[in-house]
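The structure under discussion appears below in the form of structure tokens.
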Amino acid sequence: MLGLFTMMTIKWQDGKKQPDPKPAPPQESSSYRPAFHFSTPDKWKNDPQKPVFFDGKYHYYYLYNGNYPDGGGTEWRHASSEDLASWKDEGVAIPKFTNKNGDIWSGSVVEDKKNTAGFGEGAIVSLVTQPSADGGKQEQYLWYSTDRGKTFQSFSDEPVLSNPGTEVFRDPKVIKDDEHQKWVMTMAEGDKIGFYESGNLKDWTYTGEFKTENIGLIECPDLFQMRADDGTVKWVMGASANGKAAGKPNTYAYWTGTYDGKTFTAENQEPQWLDYGFDWYGGVTFEDGKSEDPLTKRFALAWMNNWDYPHNTPTVKEGFNGVDSIVREIGLKKQADQSYSLTSQPVQTLGQLTESADTISRLEVNGSKTLDTKGDTYQMDADMTWDQAKNIGLRLRESDDQKRHIDIGFLPDQGLAYVNRGFTGQPDESKKYVESKAPFDAGKKKVHVKILVDRTSVEVFVDDGKSVLSNQVFPEPSDQGITLFSEGGPAVFEKIEIKHFRSGAQSS
């Protein structure tokens, strides 16, 4: 999400909000505060919770630790947005250590429009994982809000879904299954996803499971329907997964298939991936609350970090650690082989942040060409065509001596797109996560690329957005050059557009 928001430090005393009347410093005061990505006002954030739309706004809750780095435990902090491009901080909604089960982990929130749970029509209900007081078992608890999601109360110290005897049992994701008139919950259970149903959000019954293969521990499951570009409606099952051991991404895996009211059946057991970068984890998708046809388009966002190096960021010295990806618009497209794949594009409302733009109609490059324009916060689009070139791309956030840069390129002979962050500041001290790679159709000998560059991140959307690479980067603030390159033959860059985004803005 996009980090333009009014910030206020919230303290808790005797279970009540105590707002600090002094606003947090504006983002311009921090050299590594992102300009247009959502970031925690201070301290720490990690997993997003699925945003929900009500009262004309998207309401977003995320895991927050106000004691970082000196203490543990997460709680739910709240932000709201009307356009998914600017955000207002709403403070802590579910505080940690206020019931006997300790802190608050991931889960999901729904609006109970028909009062199925008995807290009133329109109550905002959250199902969350907490470690039980009697041994720390992962169990599911219900919290509810009668003030439209501003604050939540614990329904009971007892779980609404007890641990069935497994070590991993967390991250409940709840949706309304209108066809079968019930609530459905998906659960992360090691290498499988469990399915549960309820009529009142309080009493849950197991209905089935979906087993995954060779993608490690499953977290933050996701289940939704989408209408593809050919009109076909598909169910999509997603989850954060770790495919590193099998040479796969460590981001958001997904499958298309069918859901019969009990469990999900995949059309292909091998997952597809919504991102091929190193830093798109804990991803969630959510409905377009303003659309009359919510099946056509969804949105998505994720935590831009990686559990292999979560604390390796210079922002820690500036009092915060936690940035999200931009919000994406998600579509479903039928492919040439008759399969279906999700596509991603930056949310269109990002365009309202444009402060100025540079355009270049055509440049032929054989070697390298440095542009006159510079920047550290922008969206860049370009079409590239080639005949014999072996490596075509761009060097962004380049230093004046051209020794530091982020390389975004395409290897036609291998059918791979890549982002190499090894020539600039980046979080992986082990150097294992330097170059991320994604497939693209090299046979066309042309590619369209859309790149979002912010102070601590780069997100690359290839062609129609079937392949995306999202990575943290920490260039020197003064490194702002842009160079085009082509090795092994000439390439033509056309329709180059660079939209410079304003930075440091806050919502009213």
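Residue 147 in my numbering sits at position 139 of the sequence shown, with consecutive numbering throughout.
Ideal placement from N, C-alpha and C gives every residue a C-beta, glycine not left out.
Inset, instruction - Would you kindly check if the distance between the Cβ of T464 and the Cβ of Q488 is under 8 Å? - result: no
Inset, instruction - Could you check if K507 is buried or exposed, using at least 16 other CB atoms within 10 Å of its CB as the buried criterion? - result: buried
Inset, instruction - Please go through the segment 372-454 and give each complete beta strand (DSSP E) segment of 3 or more residues, from N-terminal end onward. - result: 386-394, 399-406, 414-419, 424-428 and 443-447
Legend entry - Three-state class that DSSP yields for T48 in the structure shown: coil
Legend entry - Nearest-angstrom beta carbon gap, E495 and A365 [assumed within contact, 8 Å]: Actually they do not touch by this definition, with Cβ atoms about 29 Å apart.
Legend entry - Assigned secondary structure, F501 (DSSP; H/G/I helix, E/B strand, else coil): strand
Inset, instruction - Confirm, please, whether the CB-CB distance from Q434 to F482 is below 8 Å. - result: yes
Legend entry - N123 versus S248: straight-line alpha-carbon distance, rounded: 31 Å
Legend entry - Residues that DSSP places opposite A247 in a beta bridge: A261
Legend entry - Closest residue to A261 among D238, A236 and G290 (Cα-Cα distance): G290
Legend entry - Reduced DSSP category for E495 - H, G, I as helix; E, B as strand; rest coil: strand
Inset, instruction - Could you pull out every residue in the same chain whose Cβ sits closer than 6 Å to the Cβ of L71, ignoring the five residues on either side in sequence? - result: N54, D55 and T82
Legend entry - Member of I201, L340 and D449 whose CA lies at the smallest distance from the CA of K270: I201
Inset, instruction - Whole angstroms is fine: what's the gap from T215's alpha carbon to T273's? - result: 13 Å
Inset, instruction - Determine, using beta-carbon pairs with one atom in the segment 145-152 and one in the segment 166-173, whether at least three such pairs fall under 8 Å. - result: yes
Legend entry - Outcome for G255 when other beta-carbon atoms lying within 10 angstroms are tallied against a minimum of 16: exposed
Legend entry - Exposure label - Q138; buried when at least 16 CB within 10 Å: buried
Inset, instruction - Measure the C-alpha to C-alpha separation of V176 and A93 and round it to an integer number of angstroms. - result: 35 Å
Legend entry - Distance, T293 Cα to D332 Cα: 13 Å
Legend entry - Where the beta strand (DSSP E) containing H188 begins and where it ends: From DSSP, H188 is part of no beta strand (DSSP E); its letter is neither H nor E.
Legend entry - Unbroken stretches of the beta strand (DSSP E), 3 residues or longer, contained in the segment 311-365: 336-342 and 348-354
Legend entry - Under the three-state DSSP convention, the category K121 falls into: coil
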